[in-house]
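Since the structure comes first, as structure tokens, the remarks are kept for the end.
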Amino acid sequence: MKEAGIDISLFQAYSCRMVSPSKAAMSGISMDDILSMADRSNTRTFNKFYFRTNEKAGFADNVLEMDNLTRREVASEVISSVFNSYTTEVPVISSLLCSGDDIIYFMCNKLEEKSLLVKGKMLKSSIRTLQTLEKQIFDMALNKEVDWTCKDFSGRIVAVDVNGRLKFTYNGNTDLNAFFPNGIAITPSDKIILSDYKQNALHVLNSIGELLGLHFIDKVYNIENPSSLCFDSEGYLLIGNGLLNDSDGKIYVTKIADNYM
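If you want the numbering used here, it's the 1-based position in the sequence shown plus 1.
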């Protein structure tokens with residue numbers, strides 16, 4: 002409501018119950034039709050509690066136009082190029098973490114087994130393993146405002162602030178049959194990038210959970226089953242993929258479109 006230009010000190014969520022029938026009445030629609038559609042029993046109740054005349058018309062206009070104001074064009078390109086790729090010795094890159102000096106940490110989750118965590122150094126054509134550890138760990142991302150963004154087992158993204166208050170949930174694009182979020186990475190401008198494992202796609206959200214971009218990365222770059230994401234120290238987006246029944250999980254070094262950085 003605030004983003005639509007409505008004074009939230011005067012109007013609250015309950016005010017929305019008055020909006021559509023009031024707008025309909027001011028547009029000349031018959032009272033019988035309004036009462037029927039709004040499930041109201043009589044004109045007196047409607048006029049007393051729900052009908053707001055022209056002095057409130059701005060509120061009705063603003064709320065009814067909110068969908069147009071907040072609807073955004075969804076871009077089809079998230080990454081603009083792939084610079085390099087590395088083949089690893091683990092079947093799937095379940096999680097990725099990058100640090101300085103080209104140091105990378107990646108993890109392989111195996112069903113009913115401990116996770117394998119690998120610390121390595123990225124060279125020109127390979128990753129040199131520095132350390133391995135078997136340990137059960139989980140995936141998360143942290144942005145500069147200390148808000149948490151995490152995935153849950155119901156196939157959605159949940160964002161909460163530092164005090165645990167819900168900011169938004171994201172259940173995927175409604176045009177897709179299913180949403181299987183795996184990797185999460187956050188850009189310096191707080192854009193949230195998600196890897197969709199089953200759809201071979203990257204989703205980009207803004208800080209309030211609106212979809213800005215949706216890129217099917219298998220079509221151009223042949224990246225399938227993206228399972229993990231992270232940014233390296235130079236701003237490249239690393240994408241890990243693979244399947245548990247394979248033996249060649251890969252890490253792709255990609256450049257993200259400038260408008261998301």
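For each residue, glycine too, the CB sits at the ideal point set by N, CA and C.
Going by alpha carbons, who is nearest to residue i out of the options?
i: Ile194; options: Gly121, Gly165 and Leu213; result: Leu213
i: Ser96; options: Tyr253, Gly250, Thr255 and Leu230; result: Leu230
i: Glu266; options: Asn223, Val254, Leu215 and Gln132; result: An answer regarding residue 266 cannot be provided, because it is not within the stretch 2 to 262 covered by the chain.
i: Ile187; options: Asp176, Gln200, Arg166 and Tyr237; result: Tyr237
i: Asn110; options: Ile94, Lys120, Ser100 and Cys99; result: Ile94
i: Glu114; options: Gly121, Leu245 and Lys251; result: Leu245
i: Ile240; options: Pro189, Val161, Ala179 and Met108; result: Met108
i: Ile252; options: Asn85, Glu74, Val75 and Ile80; result: Asn85
i: Glu235; options: Ala179, Asn178, Val119 and Pro189; result: Pro189
i: Tyr198; options: Asn174, Asn178 and Ser228; result: Ser228
On the three-state DSSP scale, how would you describe residue i?
i: Asn183; result: strand
i: Tyr253; result: strand
i: Ile194; result: strand
i: Tyr87; result: strand
i: Asn242; result: strand
i: Tyr261; result: helix
i: Tyr171; result: strand
i: Ile218; result: helix
i: Tyr237; result: coil
i: Phe98; result: It is worth fixing the name first, because residue 98 is Leu in this sequence and not Phe. Residue state, collapsed to three classes: strand.
i: Ile158; result: strand
i: Glu135; result: strand
i: Val205; result: strand
i: Arg166; result: coil
i: Leu124; result: coil
i: Ile80; result: strand
i: Leu177; result: coil
i: Ile224; result: coil
i: Thr130; result: strand
i: Ser229; result: strand
Classify residue i as buried or exposed, calling it buried when 16 or more other Cβ atoms lie within 10 Å of its own Cβ.
i: Gly1; result: Beyond the ends of the chain as shown, which are 2 and 262, falls residue 1; an answer cannot be given.
i: Val1; result: Because residue 1 is not part of the residues shown, which for the chain are 2 to 262, the question remains open.
i: Thr89; result: buried
i: Ile218; result: buried
i: Gln263; result: Any question about residue 263 goes unanswered here, given that the chain covers just 2 to 262.
i: Met262; result: exposed
i: Thr268; result: The question about residue 268 has no answer, for the chain in this structure spans 2 to 262.
i: Leu167; result: exposed
i: Asn242; result: buried
i: Val221; result: exposed
i: Asp102; result: exposed
State the Cα-Cα distance for the pair residue i and residue j, rounded to the nearest angstrom.
i: Phe263; j: Leu124; result: The requested residue 263 is not part of the displayed model; the chain covers only 2 to 262.
i: Leu134; j: Pro92; result: 16 angstroms
i: Val159; j: Asn226; result: 21 angstroms
i: Asp249; j: Leu117; result: 15 angstroms
i: Ile105; j: Ile209; result: 30 angstroms
i: Lys192; j: Asp233; result: 16 angstroms
i: Asn201; j: Gly121; result: 26 angstroms
i: Ser82; j: Thr255; result: 6 angstroms
i: Leu206; j: Asn260; result: 12 angstroms
i: Gly156; j: Asp176; result: 15 angstroms
i: Ile128; j: Tyr87; result: 7 angstroms
i: Glu211; j: His204; result: 10 angstroms
i: Ser126; j: Ala76; result: 32 angstroms
i: Val147; j: Ala258; result: Bear in mind that a pLDDT of 46 at Val147, under 50, signals an unreliable position, so the model cannot answer this.
i: Ser196; j: Ile224; result: 11 angstroms
i: Leu98; j: Thr130; result: 14 angstroms
i: Gly165; j: Asn172; result: 19 angstroms
i: Glu74; j: Ser100; result: 34 angstroms
i: Ala179; j: Val119; result: 31 angstroms
i: Val161; j: Ile80; result: 27 angstroms
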